[in-house]
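So the sequence shown is numbered by my numbering: it starts at 169 and just counts up by one. Where a beta carbon is used, it is the ideal one built from N, C-alpha and C, also for glycine. Every value quoted in this text rests on a predicted model; they were computed, and no experiment measured them.
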Amino acid sequence: MRAEKGCLSGAAGWSAWIALVLLTVAIALLPRLVHIAPPPGAVTMSEARFSLAGDAAETTIALPYRWAPETPYELSTGRYRLRFHLDAAPDEPLFVLIPAARHNIKAEVNGQRTLSALDTSWSIPNSGYSFLALIPDGAVHEGDNEIVLWQTREVGWLPARLSAVSVGPAAAVMPIYGLSNFLIGQVRAMTFALHIMLTIGVATIWTARRHDPVFRWLALISITSLVVVFTQSPVMPFGALEQMQSSVAMSAVGLMALGLAMAVAGQSSPRLLLSAIVGVPVVLLGLGLAGLLEFTIMGLLSAAVGLLAYALASFILLRAFARSRSFDAAILAPACALTAWFGLHDVLVVTGLVDDPFLLTSYARTLVLLVIMVILMGRLARSLNGLDAANDTLRQRLARREAELVLLHEKERAHANEVVREQERQRLMQDLHDGMSGHLVSIIALAEQDRAGGEAIERAARAALDDLRLVVHSLDLGDGDLRVALAAFRERLEPQVRRLGIELSWSTEKLPEVSGVTPRNALAVLRILQEAVTNAVKHGPARRIGVEGTTMAGGAAAIHVVNDGTAPVRPGKGNGMGNMERRACDLGGHIHFSTTKKGSRLSLVFPAHLSEQPS
C-alpha cells in the first residue's frame, strides 16, 4: 500500500517536524518534571525507622525509600515507624496520606488500625498508587504520636517504595489524593473502555477492508494488547502462568507495532516478521515453563524485544514523515518513541536502576490508543473528502456529457429537419411542376384558340404567377412561421380582390401558436385558403370575404373563410373540394362547409402541433 501523503510541505513541514519533536520530548520528560509537594496544612514526615519482618534490628531511613530482599521472589514485608508531634488535640478528622507508594500498605496510629480508602479496581499497588487512610477518632492526641506502616511485596521482582508520609485534615490531603486517584485509577479505567471500543471499531473496519495492511495491523495490535490488559487487570484472578503468558506477549505487541509502521510507510512486511510475532513469545514461554529461564529474565527479554521493535518503528515512521510528509507517520512516530521510552523507564525501575514510584507503560498505551483513534478519524475524513471529490468529478463529467448529448441531439434534430425540409422541397417542386403545368397548358390553349384573347391569357398567367409565388414562399418557412405565411398570403390576396371590387376582412389574432410547420404543411394551409377564396369569387359571386382564425376546444386551430355569395358550390362538383379535403387530411384535420341564406362558410380545423413527417 502506498503511504498516504498529507499537505505538509516547505516551511509548514519543518514547523510540524519541530513541533512533533518538542511535544515528544515534553511528554517524555513530564514524569520527571512533575513533583508532588507535601500538602500545605499537613504534618509531613520524611524520616522513619525501617526493618524487615522477623528482623528486630531497625535502621533510620530517609523518605522516599526503596527496598528489595536479596531473593527476587521472596514475598516479604517491611515495617516503618514514624513519629509526628501535635501542639493540640485535633478538632476534626485526620488522614494519613502517602502520595506515591508501591505494594500494599496497612497503617496503625498509636496502636489503632486506620480505615484505608477504598481503592478502585484500577488502582494497582504493584505499579504505584496513592495511599489514603482515615485515623480513628481519639487515636491522635496532643504531643508525640506514632505511625506504624506495613508494606508487603506481592510481586517478588518489583522493589517496594514509599514516599514521604503526611498527616492532615481532609481540606489539606484530599486535593492531592483526588488528582492522584484520577491519574492512576480513572485514567486507567477510561483507557480500558477506550481500548475495548477501539478494538471493536478497528476489527469491524478490518473485516470490510482486509486488503488494507494498516487496518490489519491495527486490529492485531488492539486485540492482542487487550488480551494482555485482561491478564494484568486486578479484576481478573489469573495465576502465575497467565501472568507469564501476558509478559511474553509484550514482545508480540512490539513486533506488531513494527509491522504497522512499515505498512504506514508503504513498505511490505517481511515474512520473518510474521514468524517472529508468533515465534519469539512461544520460545520465551517454552523456556520459562521448562525452567531454563527465570520469570524475571523471561519478562526482561520479552520487554527488550518489544522496546527495540517500538524504537525501530519510530525510526521508520520518522523517515517516512521526512520523505513523504505522511500524516499517519507524523502522529504515530512520537507514540512509538514514547512507548519505547516509557517501557525502558519501567524496565529500569523494575531492575532497581531508577528510583521512581510509578510505572508508565499504561500511560503510553493510552497515548497509543488516542493516536490510533486519530488515525482512524483522519483516514475516515480523507476517505469522505476523496468521496466528495470523486462525486464532484462525476457531476462535472456528467454535466459535460449531458451538454455534449444536448448538442449532439440538436445537431441530429437539425439534420433530421434538414432532411425533412429537403423532402418537402422535392415534393413542393413536384407540386409546383404539377400546378404550373396546368396553368401553362391553359395559357397555350387560349393562345391557340383565340389569338385576340389577351384578357383570358392574362388571367391564366396571373394565376400561374400566384401559384408560383405561393410555392416559392412556402419553401423558406420553418417551425412557428404559419402566421408569417398567412400574412404574406394576405398581402398578395388584398390587391387581387380589390381589383375585383370585393371587400376583404382579415383577423388571425385568436389563432393559437402552431408548431411543426414545414413547407409542405404551410403550403397545404395556403392552398386550402386559396381554393376557398377562389371558389367564393368564382361561384358566389361574393362582394365580401372574411378570413378569421380561432382556437377550438382542446386547443386545435381553425381558419374560417366566409362570404356573402348567394350561389354556393355544391359538394361533388369539380375537384376543388376534394383537393381541400385531401390536404386537410394530410394536416391531421378536416374541412367543414356550410351555407346559409346570407352566404357560405368553409372551416379548416387542424391540430396546433403538426406532424413534420410527410404522410
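Is the Cβ-Cβ distance between residue i and residue j less than 8 angstroms?
i, j, result
"A431", "P381", "yes"
"A268", "S334", "no"
"V416", "L452", "yes"
"P338", "F263", "Checking the displayed sequence, the identity of residue 338 turns out to be Ala instead of Pro. In this structure, F263 lies closer than 8 angstroms to A338 by Cβ."
"R270", "L326", "yes"
"I391", "A371", "yes"
"I540", "L386", "yes"
"F299", "I273", "yes"
"H513", "D524", "yes"
"L231", "E215", "yes"
"A275", "L317", "yes"
"L668", "V693", "no"
"A752", "V682", "no"
"S673", "G717", "no"
"M748", "E699", "yes"
"A501", "F510", "no"
"G733", "G708", "yes"
"G209", "A301", "no"
Quick check: what's the CA-CA separation for residue i versus residue j?
i, j, result
"P680", "L770", "19 angstroms"
"M798", "D255", "This structure does not reach residue 798, given that the chain is present from 169 up to 783, and the question cannot be answered."
"L394", "P207", "37 angstroms"
"L423", "G454", "19 angstroms"
"G723", "A656", "24 angstroms"
"A352", "M358", "Going by the sequence as given, residue 352 is Ile instead of Ala. Spanning the two alpha carbons is a distance of roughly 11 angstroms."
"L650", "R565", "41 angstroms"
"D336", "G222", "Checking the sequence, you will find Gly at residue 336 rather than Asp. About 31 angstroms."
"H760", "R568", "52 angstroms"
"E410", "L516", "Note that E410 scores a pLDDT of 47, beneath 50, so its modelled location is shaky; the value from the coordinates is reported in the next line. Rounded to whole angstroms, E410 to L516 spans 23 angstroms at the Cα level."
"L469", "P449", "10 angstroms"
"A497", "A433", "7 angstroms"
"R281", "V396", "36 angstroms"
"L755", "P775", "8 angstroms"
"R321", "T464", "15 angstroms"
"L486", "S437", "17 angstroms"
"S551", "A472", "37 angstroms"
"M418", "V355", "21 angstroms"
"A458", "I368", "36 angstroms"
"A690", "K765", "32 angstroms"
"A187", "V193", "10 angstroms"
"D312", "I344", "25 angstroms"
"S492", "H379", "22 angstroms"
"L573", "I373", "41 angstroms"
Around the C-beta of residue i, are 16 or more other C-beta atoms found within 10 angstroms, so that it is buried, or is it exposed?
i, result
"E659", "exposed"
"I445", "buried"
"L537", "buried"
"H309", "exposed"
"G757", "buried"
"T519", "exposed"
"N559", "exposed"
"F350", "exposed"
"T228", "exposed"
"A721", "exposed"
"P739", "Any reading at P739 needs caution, since the residue's pLDDT is 47, under 50, leaving its predicted position unreliable; the model's value is listed next. P739 is exposed by the Cβ-count criterion."
"L243", "exposed"
"L661", "buried"
"V587", "exposed"
"A479", "buried"
"T686", "buried"
"R695", "buried"
"L521", "exposed"
"S768", "buried"
"T375", "exposed"
"D701", "Residue 701 is actually Val in this sequence, not Asp. V701 is buried by the Cβ-count criterion."
"I543", "buried"
"H363", "buried"
"A584", "exposed"
Let me check understanding here. Comparing Cα to Cα, which of the options lies closest to residue i?
i, options, result
"R666", "L650, G708, L697 and R712", "R712"
"G546", "L516, S494 and A433", "S494"
"A285", "P687, I499, S675 and I303", "I303"
"L654", "G511, L697 and A472", "L697"
"S219", "A236, L672 and Y478", "A236"
"R247", "R234, H253, I186 and P663", "R234"
"Q319", "N294, D312 and N313", "N294"
"L548", "P438, P261 and R377", "R377"
Report yes or no: is there a C-beta of chain D within less than 8 angstroms of the C-beta of residue i?
i, result
"G520", "Looking for chain D here will not work: only one protein chain is present."
query = Three or more C-beta pairs closer than 8 angstroms, one from the region 502-509 and one from the region 525-539: is that the case here?
reply = yes
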